[in-house]
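Numbering (our numbering), first residue to last: 199 to 241.
From the three backbone atoms N, C-alpha and C, an ideal C-beta is built for every residue, glycine too.
Notes for the one structure printed next.
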């Protein structure tokens, strides 16, 4: 349990350190997913 908490904490701190990059990536992925989803639903 302790190890898992430490791992989660390090992942969270890493994520917070690189939040700007993640935000840009998420926006990009979301835009691509949205256009792909539209294509699938129209097909």
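- About 6 Å separates the beta carbon of residue 213 from that of residue 220, a gap short enough to meet the 8 Å contact definition.
- In the structure shown, the three-state DSSP call for residue 216 is coil.
- The alpha-carbon separation between residue 200 and residue 236 amounts to approximately 44 Å.
- Rounded to the nearest whole angstrom, the C-alpha separation of residue 229 and residue 203 is 33 Å.
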